[in-house]
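Novice: Take this structure, written in structure tokens, and hold onto it; I'll ask about it next.
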Amino acid sequence: MKSPIEILEEKISAAMAAAAGQRNYPAMVTPATDAKFGDYQSNGIMALARELKTNPRKLAENVVKRLNVTDICESPEIAGPGFINLKLKADFVANSLLALYRDPENRLAIDKTTVPKTIVVDFSGPNIAKQMHVGHLRSTIIGDSICRMLEFLGHKVIRQNHIGDWGLQMGMVVYSIETNIDKYFYKPGERFVDQDLNRVPDLDTLERYYKEISVLAEHDADIADAVHDCTVRLQRGGSFAKSYWEHAQKITLEACYDLYRLLNVNLNEKHTRGESFYKNMLVEVVSDLQKQGLAEKSDDAVCIFPEGFKNKDGQLLPLIIQKSDGAYLYATTDLAAIRYRVGKLKVDRIIYVTDARQKLHFEMLFAVAKMAGWVKDQTELIHVTFGSVLGDNGKPLKTRTGENVKLKELLDEAVERAKQTVEEKNPELSPDKKEKIAKTVGIGAVKYADFSNNRTSDYIFSFDKMLAMEGNTAPYMQYAYARIKSIERRGQLDIEKELADVAKLNLTETAELDLAKYLIRYGRAINAAIADYRPNYLTSYLYELAQKFSVFYTNCPVLTAKPNKRPTRLLLCDLTAKTIKHGLSELLGIEVVEQM
Ligand code: ARG
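In short: position in the sequence shown from 1, add 103, done, that's the working numbering.
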């Protein structure tokens, strides 16, 4: 179904074309900045008047004369230098709302895109032999919500988890296992037996080994050589090195998949395309760039100097794709990945979700991929960046000993804290229910707090704030949903049955109309959120919706309403609940509970 904004945009643009006697001009219809001016405003007249060198107010009058919106709006009003203010008719709102409710496709009358694209979303990307830490939270959940929104709008989404599982770091992993091997009753050079879990290091241990070696390798040339040797052995396919690497990969990924399940993020084996996936394509990437005359040797390394990237002294910056010892780098793999995604997966768009510190890497990468002709003119390469998660001290969140905070521990604590609240508030619930609510609220709170912050800013991580029942938080939203469900329970309603024969809604009270008008804006909120890849547009919408519902519910009794009002109010309740649930669980992957 077309939204009011789309209908108005079309009609006003047509009237503008008629008035100005020329091609279509955008009417630029947006929600009104202040409700006292109406519901929407059209801002397009001023630009057209400037172009025609005519008086904007006069032009606005001419446009309004040619505008027929009687079935949608009260009569349009011209304001200021030439805005057109528009107020929806209650009847129009009522009919739209009913259509939303009766949408046979159960999509709240939100259309799929007419131009579906194939889109890779590259997100999460943890590294082998390390546990996911809080730094991976944002990429993982923002990436997942972008996928969910794109999918809902009808695009073909290919989720790609670009795991850090290749290169020098893997040499360190292999070497660190090899040097500790006797602790596991193995002889040096003996392969791991996967089944015997008592005889292999777990992820915690691997991470510790890895850290020890990476510190040592920095200061000790012999160790650095040994690590290098391991890297080469691994890259040549040496079987012992490979068995350790496979083990590290297996247990790291298992832990990641557990976390994705806990976070309700749709990422699994079939989305895993680690750096190693591209290992056999690297030679060709480098040789192709050399053949094209784009890559050159500089200090024995193979580099590309894309135009426009300079350091402070005005010298061109290199993107290094092969080191003097022959090793390939992060950028080489990323180039191979772009080539593969465009060439083999035939994508129209690639969206990378990483923190803002990788901005330069991606800018240079995109520039090189374009120079090499590996992407088509219309291929969109997009870097969706985000800021850091900070502690109370305003610095990146760390443990007391200065380590990265493990994501698992953070989530466990959120659930634990939510459990305490449930115990206090609802001691009578069964242990199962308490458990379920605590998990839903705890995990939801962490995710929602992240989504509701503008992604490009840093934010301070605060359990107290994110678990608060008041304010723009998951518990507030989840409670808003549960409250509506409790109305239905109390009334022992079969809403569908009660509303089955309703042909016309009865919207008269301001609070009813306000809520209704906001409900029909949901599609626009989703489109705005995806246009800029900003989930906070969606959380803001949901929060405002919950607030409007609150005003409505305080002013308009539902269960005790008169028969001429009751169906309308029930429908408002039901659609609010459906919209909140859809936004939270379908688009953000935050679960709701019927009772809290
Ligand atoms: N593993 C990388 C990191 O931890 C993230 C990977 C992002 N994706 C990519 N194609 N480079 O920073």
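Glycine included, C-beta positions come from ideal geometry on N, C-alpha and C.
Between which two residues does the beta strand (DSSP E) containing Ile424 stretch?
Specialist: First-last of the beta strand (DSSP E) with Ile424: 422 to 425.
Novice: For a minimum of 4 consecutive residues, which ranges assigned as the alpha helix (DSSP H) are wholly contained in the segment 345 to 394?
Specialist: Here the runs fully enclosed are 385 to 394.
Novice: How long is the line joining the alpha carbons of Asn301 and Tyr287, rounded to whole angstroms?
Specialist: Between Asn301 and Tyr287, the C-alpha separation is close to 8 angstroms.
Novice: Checking the sheet assignment: what are the DSSP bridge partners for Arg452?
Specialist: Answer is Ile222, Glu483, bridged to Arg452.
Novice: Can you tell which of Asp402, Ser401, Ala470, Gly417 has its C-alpha closest to the C-alpha of Ala434?
Specialist: Ranking Asp402, Ser401, Ala470, Gly417 by Cα distance to Ala434 puts Ala470 first.
Novice: Flag this pair as touching only if the segment 264 to 271 and the segment 222 to 242 have three or more C-beta atom pairs under 8 angstroms; answer yes or no.
Specialist: With the cut-off at 8 angstroms, the segment 264 to 271 and the segment 222 to 242 touch.
Novice: Should Gly270 be counted as a contact of the ligand ARG given a C-beta to heavy atom distance under 7 angstroms?
Specialist: No - the ligand ARG has no heavy atom lying nearer than 7 angstroms to the Cβ of Gly270.
Novice: Could you give the DSSP three-state label for Leu151: helix, strand or coil?
Specialist: The answer is helix: DSSP assigns Leu151 an H, G or I state.
Novice: Cβ of Thr700 within 8 angstroms of Cβ of Lys449?
Specialist: The question about residue 700 has no answer here: the residues shown for the chain are numbered 104 through 699.
Novice: Please report the Cβ distance between Phe489 and Arg558, rounded to the nearest whole angstrom; I am assuming they are in contact, meaning their Cβ atoms lie under 8 angstroms.
Specialist: 4 angstroms between Cβ atoms; contact.
Novice: Can you check whether the CB of Ile693 is closer than 8 angstroms to the CB of Tyr584?
Specialist: Contact flag unset, no.
Novice: Please determine whether the Cβ atom of Asp437 lies at a distance below 7 angstroms from any heavy atom of the ligand ARG.
Specialist: Answer for Asp437: yes, Cβ within range of the ligand ARG.
Novice: Closer than 7 angstroms to a non-hydrogen atom of the ligand ARG - does that hold for the CB of Asn402?
Specialist: Per the sequence shown, the amino acid found at residue 402 is Asp instead of Asn. No, Cβ of Asp402 sits at least 7 angstroms from all heavy atoms of the ligand ARG.
Novice: Does Arg637 get closer than 8 angstroms to chain C when you measure Cβ to Cβ?
Specialist: The structure shown contains no chain C, having only a single protein chain.
Novice: Using the Cα positions of His239 and Lys668, report the straight-line distance between them to the nearest angstrom.
Specialist: Going by the C-alpha atoms only, they are around 49 angstroms apart.
Novice: DSSP three-state call for Gln338: helix, strand or coil?
Specialist: Reduced to three states, the DSSP call for Gln338 is helix.
Novice: Within this structure, are the beta carbons of Tyr312 and Asn283 separated by less than 8 angstroms?
Specialist: Taking 8 angstroms as the Cβ cut-off, Tyr312 and Asn283 qualify as a contacting pair.
Novice: Give me whichever residues DSSP pairs with Asp458 in a beta bridge.
Specialist: Answer is Phe489, bridged to Asp458.
Novice: Count the other CB atoms, across all protein chains shown, that sit within 10 Å of the CB of Glu526; report buried if there are 16 or more and exposed otherwise.
Specialist: By the neighbour-count rule (16 or more Cβ atoms within 10 Å), Glu526 is not buried but exposed.
Novice: Are three or more beta carbon pairs between the segment 184 to 201 and the segment 140 to 156 nearer than 8 angstroms?
Specialist: Yes: at least three Cβ pairs fall under 8 angstroms.
Novice: Would Leu690 and Ile623 qualify as a contact pair, given that the criterion is a beta-carbon distance under 8 angstroms?
Specialist: Result no, Cβ atoms of Leu690 and Ile623 do not sit closer than 8 angstroms.
Novice: Looking at C-alpha atoms only, which residue of Val318, Arg586, Ser242, Arg153 is the closest neighbour of Pro184?
Specialist: Taking only the C-alpha atoms, the option nearest Pro184 is Arg153.
Novice: Mind checking which residues open and close the beta strand (DSSP E) that includes Ile187?
Specialist: 186 to 189 is the extent of the beta strand (DSSP E) around Ile187.
Novice: Would you mind listing the alpha helix (DSSP H) stretches within the segment 128 to 173 that are 4+ residues and don't spill past its ends, in chain order?
Specialist: Listed in chain order, the complete alpha helix (DSSP H) runs (minimum 4 residues) inside the segment 128 to 173 are 148 to 155, 159 to 168.
Novice: Which runs of the beta strand (DSSP E) fall wholly inside the segment 525 to 599 and span at least 3 residues, in chain order?
Specialist: If we require 3 residues or more, the segment 525 to 599 turns out to have no beta strand (DSSP E) run fully inside it.
Novice: List the endpoints of the continuous alpha helix (DSSP H) containing Ser279.
Specialist: Residues 271 to 282.
Novice: Find out if the Cβ-Cβ distance for the pair Met273, Thr355 is shorter than 8 angstroms.
Specialist: Not in contact: Met273 and Thr355 (Cβ atoms no closer than 8 angstroms).
Novice: Sort out for me which residues DSSP pairs Gln263 with in a bridge.
Specialist: For Gln263, which the question treats as bridged, DSSP gives the partners Asp225.
Novice: Can you find a heavy atom of the ligand ARG that lies under 7 angstroms from the Cβ of Asp225?
Specialist: At least one heavy atom of the ligand ARG is nearer than 7 angstroms to the Cβ of Asp225, so yes.
Novice: Which residue wins for smallest C-alpha separation from Ser688, given the options Arg672, Phe564, Ile546?
Specialist: Ser688 has its Cα closest to that of Ile546, out of Arg672, Phe564, Ile546.
Novice: Got a sec: does the ligand ARG put a non-hydrogen atom nearer than 7 angstroms to the Cβ of Asn507?
Specialist: Asn507: no, Cβ never under 7 angstroms from the ligand ARG.
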